[in-house]
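A short write-up of the structure that comes next.
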Amino acid sequence: MAEGDINTVLLRAFLAVVGEGSFARASLKLGVTQPTVSARIKTLERRLGAPVFRRGGASAVRLTAVGRELLPDAEAMVALHDRIVSGHRARRFW
Numbered sequence: 328m329a330e331g332d333i334n335t336v337l338l339r340a341f342l343a344v345v346g347e348g349s350f351a352r353a354s355l356k357l358g359v360t361q362p363t364v365s366a367r368i369k370t371l372e373r374r375l376g377a378p379v380f381r382r383g384g385a386s387a388v389r390l391t392a393v394g395r396e397l398l399p400d401a402e403a404m405v406a407l408h409d410r411i412v413s414g415h416r417a418r419r420f421w
């Protein structure tokens, strides 16, 4: 594996592309530009040391074997992160 953390920002971009079927639609869902989504996916791929999507043509992006393997772990990690954040926010005493 290449150096660098894989964080929820990168994983959310990955999940958005998977869910929306394209980088452009993922950018709309995330509220960022398409180049930002592309950069996040490239960073994720660099840190994993392998591509997660097959690109090319006008068709929707397709997962590589690495992408298929990453998908359930990415979903679980983002869900866990969200549970931790919402749980701690609910317990704040102001």
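Sequential numbering of the sequence shown, starting at 328, is according to our numbering.
Even glycine gets a Cβ: it sits at the ideal position worked out from N, Cα and C.
| Asked | Found |
| --- | --- |
| To the nearest angstrom, how far is it from the Cα of ALA392 to the Cα of VAL379? | 7 Å |
| Reducing DSSP to helix, strand and coil, say where ARG382 ends up. | coil |
| Would you kindly work out how many angstroms separate the C-alpha atoms of SER354 and ASN334, rounded to a whole number? | 18 Å |
| Once you ignore the five residues that flank SER349 on each side, which residues in its own chain have a CB closer than 7 Å to its CB? | ALA387 and VAL388 |
| Report back the beta-carbon spacing between ARG367 and VAL336 to the nearest angstrom; my notes put them in contact at under 8 Å. | 7 Å |
| Would you mind sorting ARG395 into buried or exposed? The rule is 16 or more other CB atoms within 10 Å of its CB. | exposed |
| Please look up how many angstroms separate the CB atoms of VAL364 and ALA340, rounded, as I've assumed it's under 8 Å. | 5 Å |
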